[in-house]
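**Q**
Protein chains: 4
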Amino acid sequence: MGDSKKTKILNAAIKVFAEKGYQYATIAEIAREAGISTGLVYSYFENKLDLLLSLNLRFFQMVNVINQKKLAQIADPVAKLFALFRTYHEILLHDKKSLYWGTIIREGFPQPHLVKSKKLKQKQSKIYEENKQLLKTIDDIVAEGQRRGKIDTTLKPQLLRQIFGGTSQILFNGLFLQYYRQEKIGYDREDIPKAMTALLEKFITR
Amino acid sequence: MGDSKKTKILNAAIKVFAEKGYQYATIAEIAREAGISTGLVYSYFENKLDLLLSLNLRFFQMVNVINQKKLAQIADPVAKLFALFRTYHEILLHDKKSLYWGTIIREGFPQPHLVKSKKLKQKQSKIYEENKQLLKTIDDIVAEGQRRGKIDTTLKPQLLRQIFGGTSQILFNGLFLQYYRQEKIGYDREDIPKAMTALLEKFITR
Amino acid sequence: MGDSKKTKILNAAIKVFAEKGYQYATIAEIAREAGISTGLVYSYFENKLDLLLSLNLRFFQMVNVINQKKLAQIADPVAKLFALFRTYHEILLHDKKSLYWGTIIREGFPQPHLVKSKKLKQKQSKIYEENKQLLKTIDDIVAEGQRRGKIDTTLKPQLLRQIFGGTSQILFNGLFLQYYRQEKIGYDREDIPKAMTALLEKFITR
Amino acid sequence: MGDSKKTKILNAAIKVFAEKGYQYATIAEIAREAGISTGLVYSYFENKLDLLLSLNLRFFQMVNVINQKKLAQIADPVAKLFALFRTYHEILLHDKKSLYWGTIIREGFPQPHLVKSKKLKQKQSKIYEENKQLLKTIDDIVAEGQRRGKIDTTLKPQLLRQIFGGTSQILFNGLFLQYYRQEKIGYDREDIPKAMTALLEKFITR
DNA sequence: GATGAATGAGCTTTCATTCAT
DNA sequence: AATGAATGAAAGCTCATTCAT
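Residue numbers (the numbering used here), protein chains in the order written: chain A, 1 to 206; chain B, 207 to 412; chain C, 413 to 618; chain D, 619 to 824.
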């Protein structure tokens, strides 16, 4: 409603990118969805790629900000880990549209050579940093949990992080396919926290 | 070498799709990579989408064929599960190029409405069937393992399958990013079987 | 001059179609002739075929509208017949460029299966209707003339219409060949009304 | 059956050109229709245009040869005129396929600049000559008929020739549309000689 | 800021034509 | 002579991007 033009455009872009895929999304359609003219998109964003990068950056920043806030109030690494994935759930299951994010993130790491302007290169770097930050947050929590004997030490943090993260991603992707592509996946949204909890608990030693 | 033209084209397509991404891949470049003219691509394939679908179909068929062969000789569900993921490893770690597959599969489920010709629609259906077949294979093994008390029954087979499959996918994707995009992921190819084994064992009750 | 872009494009298309023939005409050349870019042609017309159909529709509509207006003020069938062919002359001999029309109409009934989009199918139907309307107008006048004993009844209206129409067409086509292909046909524009009059009079009984 | 390859190709070309139109006819289809390989077409003809020109040349030569033979045995100009159009009918109504000719002749005068090779230029010249020969034959007969007081002298031979020829052409074209495009024209093959006779008689003074 | 008409580069795709076999 | 796989030029068409208004 009272959204700024920029926000309107980004919201329209999330939707169109997720529904059509980045390559088949057209600026014209994004503009139509946002209720503005094509030209105006270019007053707020350099080009189509900028939209994609901006969305990704936004997502990771959002996740990291929420995480920092939450984690500051939690001492136990295991509790932190649960909090982390709850953030993810909160964002992606906030409403039906939120699931779009998953699709966009998957498209969101374009070949570096496709990013030409200096400004966009910086934006891309920021995305990488935010992403690393997120990974590091998880790795650190896991490492601390292991040090404190609360998390299984068979695997190094980076591998545990992939297990937790990969599971999370694919569970949400399945949900997306069910909602937007009418595919049958055999579980639904309530199952996701259950599965994540069960998975995490397997690696908690006490 | 003695590859048929069709195979040459498909191999070139794997490479170019994986390196540039489907959307940025051009028929011209695939043809160049295959050492033939653009026109010839069209005598073997309807269009670019046909290439993508053909690759996907090939992959799933290959996986299913190998799985059927292996599984026929194994009785124990747990052993079957391990065998299954070993197949995946064997295919994707067979040589450096094999990792490309992972990227292609992720691109391989285009919006149904983009598939226009009858022939391609059939190809797409086949892919869906092969994919379902693969999922069903896993689900059935897990279900049997649970029935026999060998696999944890906290989660239903479809969720365990997502956990195992998702982890597998993301582990290989990390490797791909490390090899072809120079990203640091913090583990390497030897770690993948280790991680998968550790993960699977968590859900094996005895 | 103050022509709309759409009109400019159509005029350019008449010229290029007539000079090169529909099949050898390229959108690029039509755009160049119209003084615009190729892309813009596509914001006004679906494709090349749309241009051809639009021109044909325009021609038949123009002829029918002029005819209706004229015929309303004439009672005598014979006078009507003369008026009809005068319309044709007025349009085709209006200026040198008008002769192009004749060529375009001959190209204008493409194989139905080449017309794919719904919109173009409708356009094609309209052309058929306008064409039928024109033929019916002639047939009706001839039939009435015959009923009133003013036109020879040896041949049925449809055949007389073909005689009059065919003669008309070929006379103009000869003129076109003379003007634009430097062929010698042995008569010129003043001869056409003479010939048509002589022909019509042969079939007028009194 | 025992046709030479060349004849087989030309017959296939008549059919495909007439059914698809020159521009949409492909050499591949003509070859398939002729029961030979695409490559072989090029042993007998320079290129696609050569096929079209060859067919046209053939048609006009055939008409002229038959005409010369017939006319040599007729003294009366009016009888000659009737004989002339009977030839045309005999050729075009010989069998259903013969009607194809009409379509091909209409496509058969390509822009001179499209004819590049010397050999084809010569072929095109020959077509022009044969065509002129045909026109001249008619014009001469008409002129003689007029001199002898047997044909109406209101119009000069060239105009009468257009009237007779144009009517003839359009009558056959209507038949073609009826047979191959399912259009209703309001008359059928038996009507054509009737119409031509009625037309010619109008211009015969006694 | 806002529009959307206009541009044109770049891609897919077709098919006449060639040529090794 | 005969094949048909292979070529590649040429055209249609799309859509990100620009810019006059």
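In this text, a Cβ means the ideal position worked out from N, Cα and C, and glycines have one as well. Bear in mind the structure is a predicted one, so any value in this text is a computation, not a measurement.
I'd like the list of long-range same chain contacts for T293(B), defined as Cβ closer than 8 Å, with 5 residues on each side in sequence excluded.
**A** In the second sequence, counting from the first residue as 1, residue 293(B) sits at position 87. Same-chain partners within the cutoff: V269, I272, N273, K276.
**Q** Kindly give me the distance between the Cβ atoms of R779(D) and I756(D), rounded to whole angstroms, as I take these residues to be in contact under 8 Å.
**A** Start at 1 with the first residue of the fourth sequence, and residue 779(D) comes out as number 161. Start at 1 with the first residue of the fourth sequence, and residue 756(D) comes out as number 138. So it is a contact: roughly 4 Å between Cβ atoms.
**Q** Just verifying my parser: in three-state terms, what is the DSSP assignment at I347(B)?
**A** The residue you call residue 347(B) lines up with position 141 of the second sequence. I347(B) falls in the helix class under three-state DSSP.
**Q** Distance check for Q124(A) and I233(B), CA to CA, integer angstroms please.
**A** One-based indexing of the second sequence puts residue 233(B) at position 27. One-based indexing of the first sequence puts residue 124(A) at position 124. Straight-line Cα distance between these residues: approximately 28 Å.
**Q** Comparing the C-beta of T373(B) with each C-beta of chain A, is any distance below 9 Å?
**A** Position 167 of the second sequence, counted from the first residue, corresponds to residue 373(B). Cβ-Cβ to chain A under 9 Å: yes for T373(B).
**Q** Compute the distance between the beta-carbons of F588(C) and M608(C), then report whether it is under 9 Å.
**A** For this step, residue 588(C) is matched to residue 176 along the third sequence. For this step, residue 608(C) is matched to residue 196 along the third sequence. Against a cut-off of 9 Å, the Cβ pair of M608(C) and F588(C) comes out as no contact.
**Q** Between L53(A) and L120(A), is the Cβ-Cβ spacing less than 9 Å?
**A** Position 53 of the first sequence, counting from 1, holds the residue named residue 53(A). Position 120 of the first sequence, counting from 1, holds the residue named residue 120(A). Yes, the pair counts as a contact, with Cβ atoms nearer than the cut-off.
**Q** I need the straight-line Cα distance from M207(B) to A218(B), nearest angstrom please.
**A** Position 1 of the second sequence, counted from the start, is the residue given in the question as residue 207(B). Position 12 of the second sequence, counted from the start, is the residue given in the question as residue 218(B). In this prediction, M207(B) scores a pLDDT of 47, lower than 50, which makes its location untrustworthy; no coordinate-derived value is stated.
**Q** How would you list, in chain order, the residues of chain C whose beta-carbon sits under 7 Å from the beta-carbon of Y781(D)?
**A** Reading the fourth sequence from its first residue, position 163 is the one you call residue 781(D). The identity of residue 781(D) in the sequence shown is Ile, whereas the question assumes Tyr. Neighbourhood of I781(D) in chain C, by CB distance below 7 Å: T579, A607, L611, in chain order.
**Q** By the criterion of Cβ-Cβ separation under 7 Å, what are the contact partners of T360(B) in chain A?
**A** Working through the second sequence from its first residue, we reach residue 360(B) at position 154. Neighbours of T360(B) on chain A, chain order: A198.
**Q** Rounding to the nearest angstrom, what Cα-Cα distance links Q122(A) and F60(A) in this structure?
**A** Sequence index remark: in the first sequence, residue 122(A) carries index 122 (1-based). Sequence index remark: in the first sequence, residue 60(A) carries index 60 (1-based). Each residue's alpha carbon lies about 15 Å from the other.
**Q** Which residues in the same chain as R766(D) place their Cβ atom closer than 7 Å to its Cβ, once the five residues preceding and following it in sequence are excluded?
**A** Start at 1 with the first residue of the fourth sequence, and residue 766(D) comes out as number 148. If we look at R766(D) and ignore the five residues flanking it on each side, its Cβ neighbours are P695.
**Q** I need the DSSP call for I9(A), collapsed to helix, strand or coil.
**A** Counting from one through the first sequence, the residue named residue 9(A) turns up at place 9. The answer is helix: DSSP assigns I9(A) an H, G or I state.
**Q** Name, in chain order, the residues that DSSP records as bridge partners for I563(C).
**A** Counting from one through the third sequence, the residue named residue 563(C) turns up at place 151. Answer by DSSP bridge pairing, in chain order: I616(C).
**Q** Would you report the Cα separation of Q375(B) and T38(A), rounded to the nearest angstrom?
**A** Counting from 1 along the second sequence, the entry for residue 375(B) is found at position 169. Counting from 1 along the first sequence, the entry for residue 38(A) is found at position 38. Those two C-alpha atoms are separated by around 38 Å.
**Q** Can you pull out the residues from the segment 113-131 of chain A whose beta carbon lies closer than 9 Å to at least one beta carbon of chain B?
**A** Against chain B - using a Cβ distance shorter than 9 Å - the residues of the segment 113-131 of chain A are L114, Y128.
**Q** Just to make sure I have the definition right: I need the residues of chain C whose C-beta is within less than 8 Å of the C-beta of Y805(D). Which are they?
**A** To locate residue 805(D), count along the fourth sequence from 1; it is residue 187. Taking the beta carbon of Y805(D) as reference, the chain C residues within 8 Å of it are K568, Q570, L571, Q574, listed in sequence order.
**Q** Could you list which residues in chain B have their beta carbon closer than 7 Å to that of G174(A), in chain order?
**A** As a position in the first sequence, residue 174(A) is number 174, starting the count at 1. Those are Q368, listed as they occur along chain B.
**Q** Given a cut-off of 9 Å on the beta-carbon distance, is the pair I104(A) and A18(A) in contact?
**A** By 1-based counting over the first sequence, the position of residue 104(A) is 104. By 1-based counting over the first sequence, the position of residue 18(A) is 18. Taking a C-beta distance under 9 Å as the contact criterion, I104(A) and A18(A) qualify as a contact pair.
**Q** Of all the residues that make up the segment 639-668 of chain D, which are near chain C by a beta-carbon distance shorter than 8 Å?
**A** G639, Y640, Q641, Y642
**Q** Applying the 10 Å Cβ sphere with the 16-neighbour rule, what's the burial state of G557(C)?
**A** Locating residue 557(C) in the third sequence gives position 145, where the first residue counts as 1. So G557(C) ends up on the buried side.
**Q** Considering D462(C), what are the terminal residues of the alpha helix (DSSP H) in which it resides?
**A** Here residue 462(C) is taken as the residue at index 50 of the third sequence, counted from 1. Residues 460-484.
**Q** What three-state label does DSSP hand Q328(B) in the structure shown?
**A** Here residue 328(B) refers to the residue found at position 122 of the second sequence. It is helical.
**Q** Report yes or no: is there a C-beta of chain C within less than 9 Å of the C-beta of I788(D)?
**A** Numbered from its first residue, the fourth sequence carries residue 788(D) at position 170. Yes, I788(D) lies at the interface with chain C (some Cβ there is under 9 Å from its Cβ).
**Q** Look up I503(C) in the DSSP assignment and say whether it is helix, strand or coil.
**A** For the purposes of this step, residue 503(C) is identified with residue 91 of the third sequence, where counting begins at 1. Helix at I503(C).
**Q** Could you tell me if Q776(D) is buried or exposed, where buried requires 16 or more neighbouring beta carbons within 10 angstroms of its beta carbon?
**A** The residue you call residue 776(D) lines up with position 158 of the fourth sequence. Classification of Q776(D): buried, given that the 10 Å Cβ count is 16 or more.
**Q** Please confirm if F497(C) has its CB atom under 9 Å from at least one CB of chain D.
**A** Numbered from its first residue, the third sequence carries residue 497(C) at position 85. It does not: the Cβ of F497(C) has no partner Cβ on chain D nearer than 9 Å.
**Q** Please name the residue in I769(D), G804(D), Y797(D), K626(D) whose C-alpha comes closest to that of K714(D).
**A** By 1-based counting over the fourth sequence, the position of residue 714(D) is 96. Nearest to K714(D) by alpha-carbon distance, out of I769(D), G804(D), Y797(D), K626(D), is Y797(D).
**Q** In the DSSP assignment, find the alpha helix (DSSP H) that holds F782(D) and state where it starts and stops.
**A** Numbered from its first residue, the fourth sequence carries residue 782(D) at position 164. Taken as a continuous stretch (DSSP letters only), the alpha helix (DSSP H) holding F782(D) covers 775-799.
**Q** Please check the pair R824(D) and K734(D), which I expect to be a contact at CB under 8 Å, by giving their CB distance rounded to whole angstroms.
**A** In the fourth sequence, the residue the question calls residue 824(D) occupies position 206. In the fourth sequence, the residue the question calls residue 734(D) occupies position 116. About 52 Å separates the two Cβ atoms, so there is no contact after all.
**Q** If R601(C) sits next to L467(C), beta carbons under 8 Å apart, how far is it from one beta carbon to the other, in whole angstroms?
**A** Translated into positions along the third sequence, residue 601(C) becomes position 189. Translated into positions along the third sequence, residue 467(C) becomes position 55. 22 Å between Cβ atoms; not a contact.
**Q** Kindly give me the distance between the Cβ atoms of L717(D) and L667(D), rounded to whole angstroms, as I take these residues to be in contact under 8 Å.
**A** Counted from its first residue, the fourth sequence places residue 717(D) at position 99. Counted from its first residue, the fourth sequence places residue 667(D) at position 49. Wrong, their Cβ atoms sit about 23 Å apart, outside the cutoff.
**Q** Are the Cβ atoms of P316(B) and G21(A) separated by less than 9 Å?
**A** Taking the second sequence and counting its residues from 1, one reaches residue 316(B) at position 110. Taking the first sequence and counting its residues from 1, one reaches residue 21(A) at position 21. Yes.
**Q** Thinking just about the alpha-carbon of each residue, which of Y334(B), E252(B), L216(B), P399(B) is nearest to the one in K184(A)?
**A** Translated into the one-based positions of the first sequence, residue 184(A) becomes position 184. Cα-wise, what sits closest to K184(A) is Y334(B).
**Q** If you count every other CB in all the chains shown that lies within 10 Å of the CB of A231(B), and 16 or more means buried, which is it?
**A** As a first step, residue 231(B) must be located in the second sequence, where it is residue number 25. Under this definition A231(B) is a buried residue.
**Q** Output needed for T167(A): all residues of its chain with C-beta closer than 8 Å, excluding positions within five of it in sequence on either side, in chain order.
**A** Walking along the first sequence from the start, residue 167(A) turns up at place 167. Correct list, in chain order: A195, M196, L199.
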